[in-house]
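See below for the structure under consideration.
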Amino acid sequence: MAVYDSTSLYRSLSHETGIPQCSKPKNNLHQWFGPHAAPPTPEITTSYLHYQPETEANCFELVISTPEMRRAACKYAHKGHIFMDLTFGFCAAHCLLAIILTLNEHCEGIPIAFLIFTATKDANTVYTDYGTAIILELLKKMKEGLGQNKVGEFIHFFVATIDMDPHENKALTTNHPGIFILICIFHVWQAWRNELTHFLCQVPKGDMHQTLYNSEVTYFATLAQSHDPIEKKQASRAQSFLAYFT
């Protein structure tokens with residue numbers, strides 16, 4: 002594809018959608034989601050639960066959930082299982098995207114909401130800027146926006162699978178009291194590997210390294226002879242771990 006082909010394509014899309022080709026993203030978003038919304042398609046009007054424009058005092062916030070996603074939330078997520086994951090760097094802006102999924106009757110992942118927000122203006126990165134408060138507030142807006150089911154019950158999650166992020170944990174348990182939190186095993190192993198790598202970097206190299214290793218082997222070999230069942234189990238696990246390095 003030549004350069005002029007892509008330029009022509011952008012012009013065609015701009016003409017079809019009514020989006021000015023050189024307009025700023027935040028201006029487009031405010032035009033679509035603001036109080037006097039004039040979106041390029043009417044579906045946008047019914048596909049979000051919360052919008053806050055970026056200002057000097059506030060960051061940009063958007064909670065997306067289409068009518069189909071809201072129906073799926075009522076059918077599958079209410080008193081059910083959801084999965085939540087936060088993704089950094091999904092676009093060129095300093096934005097964070099939280100994806101919330103549930104499972105249908107075929108155990109297929111069904112999205113029920115997307116939470117998007119930006120970092121504050123003086124933040125270098127999003128992951129160093131966000132905290133429990135903003136996740137808690139966006140989950141609250143999502144819960145309010147999802148509304149009630151046919152019998153008048155507000156959507157309430159019973160189980161959630163998340164990563165090691167304490168902000169997600171606190172926000173979910175606050176908005177959905179009694180929810181059972183499961184930690185994704187991939188993230189558990191990732192956290193363990195990162196901590197192990199950090200620890201091993203502090204172990205001295207060379208002869209001192211070997212001396213330290215041998216002393217640990219000797220210690221746990223002695224502990225394995227103990228008559229205490231707990232100490233024997235500790236020694237067994239430690240010996241297996243030490244064998245990993247050989």
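Okay, so the sequence shown: first residue is 2 according to this note's numbering, each after it adds one. We treat Cβ as the ideally placed atom computed from N, Cα and C, and that holds for glycine.
Can you name, in chain order, every residue of its own chain whose Cβ lies under 7 Å from the Cβ of Ala172, other than the five neighbours on each side?
-> Thr133, Ile136, Leu137, Leu140
Boundaries of the beta strand (DSSP E) in which Ala99 is found, first to last residue = 96-104
Is there contact between the stretch 151-171 and the stretch 75-90, where contact requires at least three CB pairs shorter than 8 Å?
-> yes
How is the beta strand (DSSP E) around Tyr131 delimited, first residue to last?
-> Per DSSP, Tyr131 belongs to no beta strand (DSSP E) and is neither H nor E.
Closest to Tyr77 by CA distance: which of Phe246, Leu102, Cys92, Arg12 is it?
-> Leu102
Return the chain-ordered ranges of every beta strand (DSSP E) run that is complete within the stretch 53-95 and spans a minimum of 3 residues.
-> 62-65, 82-89
State the DSSP-derived secondary structure class of Tyr11, mapped to helix, strand or coil.
-> helix
Spatially closest choice to Thr223 from Gln235, Arg12, Thr212, by CA coordinates | Gln235
Compute the Euclidean distance between the alpha carbons of Phe34 and Phe158, then round it to the nearest angstrom.
-> 28 Å
Identity of the residue in Leu104, Leu63, His79 nearest Lys142 by Cα = Leu63
Val160 (DSSP reduced to helix, strand or coil) | strand
Mapping DSSP to helix, strand and coil, what is Pro112?
-> strand
In its own chain, which residues sit with a C-beta less than 8 Å from the C-beta of Ser237, not counting the 5 before and 5 after it?
-> Ala225
N-terminal and C-terminal residue of the beta strand (DSSP E) that Ile186 is part of | Not the beta strand (DSSP E): Ile186 falls in the alpha helix (DSSP H), residues 186-201.
Pick from Glu109, Cys92, Ile45 that is closest to Ala73, judged by C-alpha positions | Glu109
Which of helix, strand or coil does DSSP assign to Thr119?
-> strand
Taking Thr247 as the reference, which of Val189, Val218, Val152 has the closest Cα?
-> Val218
Run the CB neighbour count on Cys60, radius 10 Å, all protein chains shown included, and call it buried at 16 or more, exposed below.
-> buried
Quick one: Cα of Ala38 to Cα of Asn195, how far?
-> 46 Å
Going by DSSP, which residues form a beta bridge with Ile20?
-> Paired residue(s): none; Ile20 is not in a bridge.
Using DSSP with H/G/I as helix, E/B as strand and the rest coil, what is His51?
-> strand
List the whole-angstrom C-beta distance separating Ile182 from Thr174, where the pair is believed to meet the contact cut-off of C-beta under 8 Å.
-> 7 Å
If you count every other CB in all the chains shown that lies within 10 Å of the CB of Pro21, and 16 or more means buried, which is it?
-> exposed
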